[in-house]
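Asker:
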Amino acid sequence: MATAPVLVLIDHTDDGAVRPAVRELLALAARFGSVHGVWVDPVAPGADALAELGAHGASQVHVVAPNGEHHLTPVVAEAIAVVVGSVAPRAVLLTNSFEHKEVAGVLGVRTGAGVVVDAAGLEDSDGTFVATKSVFAATWTTRCAIRTPLAVVAVKPNAAEVVATGQGPASVEVHAVDAEAATAAARGVELVERTERAPSGRPDLSSAQVVVVGGRGTDGDFGPVADLADVLGGAVGATRVATDEGWIDHEAQIGQTGVTVSPRLYIGAGVSGAVHHRGGMQSAGTIIAVNNDPEAPIFEIADLGIVGDLRTVLPAATQELRRLLG
Ligand SMILES: Cc1cc2nc3c(=O)[nH]c(=O)nc-3n(C[C@H](O)[C@H](O)[C@H](O)COP(=O)(O)OP(=O)(O)OC[C@H]3O[C@@H](n4cnc5c(N)ncnc54)[C@H](O)[C@@H]3O)c2cc1C
1491 MATAPVLVLI DHTDDGAVRP AVRELLALAA RFGSVHGVWV DPVAPGADAL AELGAHGASQ
1551 VHVVAPNGEH HLTPVVAEAI AVVVGSVAPR AVLLTNSFEH KEVAGVLGVR TGAGVVVDAA
1611 GLEDSDGTFV ATKSVFAATW TTRCAIRTPL AVVAVKPNAA EVVATGQGPA SVEVHAVDAE
1671 AATAAARGVE LVERTERAPS GRPDLSSAQV VVVGGRGTDG DFGPVADLAD VLGGAVGATR
1731 VATDEGWIDH EAQIGQTGVT VSPRLYIGAG VSGAVHHRGG MQSAGTIIAV NNDPEAPIFE
1791 IADLGIVGDL RTVLPAATQE LRRLLG
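Following this line, the structure appears as structure tokens:
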């Protein structure tokens, strides 16, 4: 009997380009069986996208024109659930973006699947999927066995090496799938407007002269951090907590297990100054810390410390700098 396939949600840009993280998912999926892609978009994948999926191991791609706005996570989850119903896969793999983690959760509720997000690795242990993940700010590593027939796993970047099989597009079967009538959950939110953020034009993090860093204190809103970086012509960095939360790309992580920076000016906002973070930034020329806890360890190494709420301090600084810089 053929083994059940593994589905991979194909994360792609609005103009139909497959996002790089998908290649890792395809490589990971190929370890466990045949690989099927799921493409959720009213616009079908183009020849380039199919060629790329084929070259990285997908044998079939299910194209679902969703019944609803395909940028909404419940709509995407419903579309995948339809494919799950028709091909009965062993697992669904998704990228670990904020949206896809949400899709994973909704899909788990829809299908009764066990869900793991933030997985740093996935193995098949005698027919049971076991995911590895770090918890408690990476101080513990856990292994989670998924006991349901279907596993839904959102996988962090760098969990698998990319393998191009060179299969080529001719080998990819494309199936058009009819979406089911949208449920009340998928109709519950209407997307009324989308505004694409303009390319940042920011300097490279590792070589930037000014780096503005956000930590857990941002609570996921990097807007004030990015605004301050932009007015100073700087780069945006982050602590591991912020990248692990999926608030910002992993490339932005500064510290022992991230990028080492040595800018002329480092501004840390909502950053405690843990030893693992300091390892990547304490050679900065001038260190400014914004933290609402006067006891935060970062003040021990800061040249200038501001005790306050970053949501107030950063916009005020940005506004004043804009005024001064014209
Ligand atoms: C092996 C290992 C490697 C690691 N590698 C790295 C690494 O490379 N880089 C890294 O950064 N971490 C790394 N870590 C994690 C590190 O130990 C810390 O957990 C992490 O740096 C803490 O991130 P944080 O400062 O954002 O969060 P927290 O330590 O939780 O600090 C958040 C801070 O925000 C402040 N705050 C909260 N709300 C506000 C507000 N509204 N305004 C202003 N301040 C506010 C709080 O007072 C607090 O000081 C590693 C850990 C391990 C075990």
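Following my numbering, the residues of the sequence shown are numbered contiguously, the last one being 1816.
A virtual CB, placed ideally from N, CA and C, is assigned to each residue, including glycine.
Among all the DSSP beta bridges, which residues are the ones paired with F1619?
Answerer: D1614, I1636
Asker: Let me make sure I understand the geometry here. Which of D1709, H1590, G1704, A1609 has the alpha-carbon closest to that of V1715?
Answerer: G1704
Asker: Determine, using beta carbons only, whether V1566 and L1499 come nearer to each other than 9 Å.
Answerer: yes
Asker: Ordered along the chain, which non-local residues of its own chain (more than five positions away) have a Cβ less than 6 Å from that of R1633?
Answerer: V1620, T1622
Asker: Give me the Cα-Cα distance between T1631 and L1612, rounded to the nearest whole angstrom.
Answerer: 13 Å
Asker: Does ligand 1 have a heavy atom nearer than 8 Å to the CB of D1783?
Answerer: yes
Asker: Please state if the CB of V1512 and the CB of V1664 are separated by a distance shorter than 9 Å.
Answerer: no
Asker: So is the beta-carbon of G1769 under 8 Å away from any non-hydrogen atom of ligand 1?
Answerer: Residue side-chain check: G1769 places its Cβ nearer than 8 Å to a non-hydrogen atom of ligand 1.
Asker: Please classify P1659: does DSSP put it in a helix, a strand, or coil?
Answerer: Caution applies to P1659, whose pLDDT of 49 falls short of 50 and renders its modelled position unreliable; the value that the coordinates give is listed next. Residue state, collapsed to three classes: helix.
Asker: Have a look at Q1809, R1768, T1808 and flag the residue whose alpha-carbon is nearest the alpha-carbon of A1792.
Answerer: R1768
Asker: Please indicate yes or no: does the CB of L1800 lie closer than 8 Å to some heavy atom of ligand 1?
Answerer: yes
Asker: Can you check DSSP and say which residues form a bridge with I1477?
Answerer: Residue numbering for the chain in the displayed model covers 1491 to 1816; residue 1477 lies beyond these limits and cannot be assessed.
Asker: Using the three-state DSSP reduction, which class does A1649 fall into: helix, strand or coil?
Answerer: coil
Asker: Classify G1763 as helix, strand or coil using the three-state DSSP reduction.
Answerer: coil
Asker: Quick one: using the 10 Å Cβ neighbour count with 16 as the cut-off for buried, is S1697 buried or exposed?
Answerer: exposed
Asker: Taking buried to mean at least 16 other C-beta atoms within 10 Å of its own C-beta, is G1760 buried or exposed?
Answerer: buried
Asker: Could you work out which residue in H1766, Q1746, M1771 is closest to R1754 when comparing CA atoms only?
Answerer: M1771
Asker: Beta carbon of A1779, beta carbon of G1763: below 9 Å?
Answerer: yes
Asker: Locate the alpha helix (DSSP H) running through S1549, then write down its first and last residues.
Answerer: Run containing S1549: none in the alpha helix (DSSP H); it sits in the beta strand (DSSP E), 1548 to 1555.
Asker: Quick one: give me the first and last residue of the alpha helix (DSSP H) that L1515 is part of.
Answerer: 1511 to 1520
Asker: Under the rule that 16 or more other beta-carbon atoms within 10 Å means buried, what is M1491, buried or exposed?
Answerer: The predicted position of M1491 is uncertain, since its pLDDT is 48 and thus under 50; a value taken from the coordinates is nonetheless stated next. Classification for M1491: exposed.
Asker: Assign D1734 to buried or exposed, taking buried as 16 or more other Cβ atoms, counted over all protein chains shown, within 10 Å of its Cβ.
Answerer: buried
Asker: Does the distance from the CB of L1722 to the CB of V1702 come in under 9 Å?
Answerer: yes
Asker: Between D1505 and H1590, how many whole angstroms is the CB-CB distance? I'm expecting something under 8 Å.
Answerer: That belief does not hold up - the Cβ atoms of D1505 and H1590 are roughly 19 Å apart, past 8 Å.
Asker: Could you check where the alpha helix (DSSP H) with V1715 kicks off and where it finishes?
Answerer: DSSP places V1715 inside the alpha helix (DSSP H), whose first and last residues are 1713 to 1721.
Asker: Hey, is V1761 close to ligand 1, as in C-beta under 8 Å from one of its heavy atoms?
Answerer: Within the cutoff, so yes.
Asker: Out of curiosity, what's the CA-to-CA distance linking I1796 and N1781?
Answerer: 6 Å
Asker: Looking at I1788 and ligand 1, is the gap between the Cβ and the nearest heavy atom below 8 Å?
Answerer: yes
Asker: Do you know offhand how far P1659's Cα is from V1679's?
Answerer: Per-residue confidence for P1659 stands at a pLDDT of 49, beneath the threshold of 50, marking its modelled position as unreliable; the derived number appears in the next sentence. One Cα belongs to P1659, the other to V1679, and the distance between them is close to 37 Å.
Asker: Name the DSSP beta bridge partners of Q1743, please?
Answerer: Per DSSP, A1728.
Asker: Any idea what DSSP makes of D1668, helix, strand or coil?
Answerer: strand
Asker: Drop a sphere of 10 angstroms on the beta-carbon of D1717, count the other beta-carbons inside from all chains shown, and report buried for 16 or more, exposed for fewer.
Answerer: It is buried - the Cβ of D1717 has at least 16 other Cβ atoms within 10 Å.
Asker: Could you check where the alpha helix (DSSP H) with H1590 kicks off and where it finishes?
Answerer: It spans 1588 to 1601 - the alpha helix (DSSP H) in which H1590 sits, taken as one unbroken run.
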